[in-house]
Every structure is written in structure tokens, then in C-alpha cells.
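Under the working numbering, residues 5 to 405 are what the sequence shown spells out, in order. Encoded as C-alpha cells, the structure appears first; notes follow it.
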Amino acid sequence: MSSSSLRSEAFRDRIRSTAAESLSSNMVSRSTATIGVPKSVDRRDVLRVVCSTSEASSQAASTQRQSELRKAQHTQQPEQLSQQARQEPQSQQPWQQQQQQQQQQPPWQRQQQEQDQAKQGKKAGQGKTQQSQAQWQAAISKSGVQSAAAPMGTERHLATAMLFLVALSVCLWLDVKTATDLLVSGTRAFVQLTAVGLGLKYIFTIDSSHPVFVAVAVMVVIASYTASQRAKSVPRGFWVALVAVATGTVTALSLLVSLQVVRLRPRFVIPIGGIVVGSSMTIAANTMQRLADDFEQRRGQLEAALALGASQWEASLPLIKRAVAVGFGPTIDYTKTVGLIQLPGSMTGMIMGGASPQEAVNLQITITFLLLGALSLSCIVSALLAAPQFFHSPAQLLETW
């Protein structure tokens, strides 16, 4: 280090010490003059007191400043929140301006905009529907049931009806009495299925239980009328069939819904209800017709039993048992061979629709047990209600029926 730099640093230190001494002397002189300290008191003691007082005052000032800063921070947050709250409406002002502009528009222009928006939403929904249909068809094609997704046209209907036409021709050639009934039934089946398909397409879109009750009631009434027409010789056969079919159907469907096997909606209950009603109609008609034939063939035995003092129940009980056994026989044979000789319609439909065989089997087992219970009730009720209709009084048969 050079001598000039050393001289400059020494000169600076001398200036600092001189300034400090002058400052301390000034402070001491001011404090002694202000407070009135005698001259006999040492100046160094006065300087020590003044320095401690200044340090205390500086600490107090610093703490005061820190407290003021904290208060400012606490007060600044609500102010910022209030400013944000004030700024939010300003950010929403463009939306409000847009709404005001829409309200100021003429009515016809607003209606046009709403129609355009509705068309755009409808197009988007159609796109999603087409996409879901494409996915469903892809899943069907992967499962190997392309024929299930293929639409049935008029040509295919005519092709499948060829076997029906052959059977009808044979009946006409042999002059069988059921030829006319076969033609009428085939024509009615085509018309009825077409109409029902159109109706169910609308009914299945309704997410309510009211169509279920209406549809089941209509099916029960039509089935009862059909059963009574087959068993025309049974007096008051319509009411007998109505009670029998309704008992089996309501019991089976109530159990099905209460166990939560299916939801109480048209898409689920109506197809199963149709199976139960149709089967109950068939077994009720067979039982009633068999009972009427037995009453006609064994009229003499019944009159002899009544003349010997037998009651109406005692005389007709053997015929009731025979009618129930004959009427319920086809159902028992069908249950024994289900899955071995033939696959039920509901199970076949589920498999062709893409469901796994195990799911189809589980549903078919449930339907089979429901059918057994419903058909047994319909069979027994129809026999018990039809037998008293052949008596004019507790001990006398009707002359004709």
C-alpha cells in the first residue's frame, strides 16, 4: 500500500473522531442547557445518559413502525377483497351487456336465435345417437350375431311366411275346419305385431310406471276374452278367465318387482308381463275347456251323486282334479325339457341381442319359476271358479250350457 493512501485513511479517521466528539459535545451541551445540569457534573456521565436515552427512543420508534406495518397489512386485505368484489361485476359486465342486447332485440329475432340453438342441439344429439348405434352394431358384429341387427323387410317376411302358406294349403286340401282359423290368426298376428311394435317404440321412451299398469290391464282383458272364446261352453267364462289370468299375472309381476329383479318401467315389465299373461291365458282356457267336456260327458254320474246326497263340492271335486292335471300337464312337460330340447324365447332374444349366455340363463331361470307359480294359480283358480257355474242350485245341474 502506498504512503498517499495511508495518509488519506488517517485523515478520514481523524475527521470521523472529530465529528463524533463535536456531536457528543453538542448533545451534552444541549441536554445540560435544557435540563439545567450543574457544571460540576462530569460531561462523560451526561453523554452516557444521553446515548442510552437515544437508544431507547430508537427502539420504541422501531416497534411503533412494526406495529403500524402489521395494522396496514390487516387493513389492506379487506381493502383488496373489496376491490376484487368491485372488480367482479366489472368482469361480468360483458355478459350483462349481452343479455341487455338480447332483451333489446325484437321478438322475432330472439325466436330465430332460439330456433337456431335448438337445431344445433338436436344435431348434436343425433350425432351422439348415431355414434351409440354404430358402437352397438359393432359390438353385435363382434359377437357374431349379424343377423340380429339386420333389418327385416317385406321380402324376408314373405320368405318366412312360405311355410305358413304351405300349412294353410294342406289344411284347405284336407278340408280341415281349422283352416279358416289358421288364416285369420296368421293375418291378425302380422297386423297386431306391427301395431304393437309402433306403440312400444313410444311407450318405452316414457320413464314412468303408469304405462305399465295400463298395458298389463289391457293385456289381461284381451287374454280373458280370448280364453272365454275358446271355452265357450263354460257359463260366464269371461269373468272366470279374467279372475284366473289376473290372479296369476298380478302375483308374479308383484313378486318380480318387489324382489327388484326388474324396475317398474315399461321396457322391463311389459315384455315379461306379456309372457306371463299369454301363458296364463292358455292354461286357463285349456282347464276350463277340459272341465266343460268332463261335465258334459259325466252328467249322469254327477246327477246320481247329487241324488244320493252328495254336495256340489263332493260331486265336482274329481272333475276339478282331472281338469287341473290335464291343463297343467303341458307346462310341466315344457319345464322338464327347457334348455335340452328348446331354448325359451326370452333367452334366445337376449343371446341374439348380444348378452352373454350366463346372463340370459339367469333371467330365464327367474322367468321359469315365475311362470310355474303364475300358471299353477291361474289353473287352480279357473277350475275352482268354473265348476260352480255348471250348477243351477247346490243340488241341481244346469239343463244346458
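Just so it is clear, CB atoms sit at the ideal spot from N, CA and C, and this is done for glycine as well.
Top-ranked residue by Cα proximity to residue i, from the options
{"i": "Glu307", "options": "Gln400, Ala193 and Asp179", "result": "Gln400"}
{"i": "Gly282", "options": "Gly343, Ala296, Val261 and Gly252", "result": "Gly252"}
{"i": "Leu310", "options": "Leu402, Leu388 and Ala163", "result": "Leu402"}
{"i": "Leu257", "options": "Glu118, Phe394 and Gly377", "result": "Gly377"}
{"i": "Asp298", "options": "Thr286, Gly313 and Ile324", "result": "Ile324"}
{"i": "Leu375", "options": "Ser189, Glu300, Ser284 and Glu72", "result": "Ser284"}
{"i": "Cys383", "options": "Gln264, Arg326, Gln362 and Ile345", "result": "Arg326"}
{"i": "Ala3", "options": "Ser380, Leu379, Gly343 and Leu381", "result": "In the structure displayed, the chain extends from 5 to 405; residue 3 sits before or after that span and is not available."}
{"i": "Ala390", "options": "Leu268, Gln293 and Ala329", "result": "Gln293"}
{"i": "Phe208", "options": "Ala359, Leu268 and Ser228", "result": "Leu268"}
{"i": "Gln264", "options": "Pro398, Leu367 and Arg69", "result": "Leu367"}
{"i": "Ala314", "options": "Pro398, Pro334 and Ile345", "result": "Pro398"}
{"i": "Gln196", "options": "Asp211, Val174 and Ile226", "result": "Ile226"}
Residue i versus residue j - alpha carbon distance
{"i": "Thr341", "j": "Leu347", "result": "9 Å"}
{"i": "Gln305", "j": "His396", "result": "16 Å"}
{"i": "His161", "j": "Asp337", "result": "31 Å"}
{"i": "Phe373", "j": "Ser386", "result": "20 Å"}
{"i": "Phe394", "j": "Thr255", "result": "28 Å"}
{"i": "Leu169", "j": "Glu118", "result": "56 Å"}
{"i": "Ser228", "j": "Leu246", "result": "5 Å"}
{"i": "Ser237", "j": "Leu295", "result": "10 Å"}
{"i": "Trp191", "j": "Leu202", "result": "First, the amino acid is wrong: residue 191 is Thr here, not Trp. Computed Cα separation, rounded: 17 Å."}
{"i": "Ala248", "j": "Leu388", "result": "10 Å"}
{"i": "Glu159", "j": "Ala359", "result": "28 Å"}
{"i": "Pro334", "j": "Ile369", "result": "18 Å"}
{"i": "Pro361", "j": "Leu176", "result": "42 Å"}
{"i": "Val218", "j": "Ile345", "result": "36 Å"}
{"i": "Ser262", "j": "Thr198", "result": "32 Å"}
{"i": "Pro392", "j": "Lys205", "result": "43 Å"}
{"i": "Asp120", "j": "Val200", "result": "35 Å"}
{"i": "Val174", "j": "Thr339", "result": "31 Å"}
{"i": "Glu300", "j": "Leu178", "result": "29 Å"}
{"i": "Val222", "j": "Ser189", "result": "19 Å"}
{"i": "Met166", "j": "Leu312", "result": "59 Å"}
Residue i and residue j closer than 7 Å at C-beta
{"i": "Ala250", "j": "Val224", "result": "yes"}
{"i": "Pro270", "j": "Val220", "result": "no"}
{"i": "Thr286", "j": "Gly331", "result": "no"}
Interface flag, residue i vs chain D, CB-CB below 7 Å
{"i": "Ala221", "result": "The structure shown contains no chain D; it holds only a single protein chain."}
Neighbourhood of residue i by C-beta, 8 Å cutoff - its chain only, sequence neighbours within 5 removed
{"i": "Val266", "result": "Leu260, Phe272, Val273 and Ile276"}
{"i": "Arg302", "result": "Leu323"}
{"i": "Asp211", "result": "Arg269"}
{"i": "Val328", "result": "Thr291, Cys383, Ile384 and Ala387"}
Same chain only: Cβ atoms within 7 Å of residue i, ignoring 5 sequence neighbours per side
{"i": "Ile371", "result": "Ile276, Ile279 and Ser350"}
{"i": "Leu172", "result": "Ala183, Leu186 and Leu187"}
{"i": "Thr164", "result": "none"}
{"i": "Ser380", "result": "Phe332"}
Other residues of its chain near residue i: CB distance less than 6 Å, five sequence neighbours each side excluded
{"i": "Ala289", "result": "Ala231, Arg234 and Ala235"}
{"i": "Ser213", "result": "Leu268"}
query: Counting Cβ pairs closer than 8 Å, one from the region 235-246 and one from the region 175-184, do we hit at least three?
result: no
field: Inter-stretch contact at 8 Å, needing at least 3 Cβ pairs: the region 313-333 / the region 351-370
entry: no
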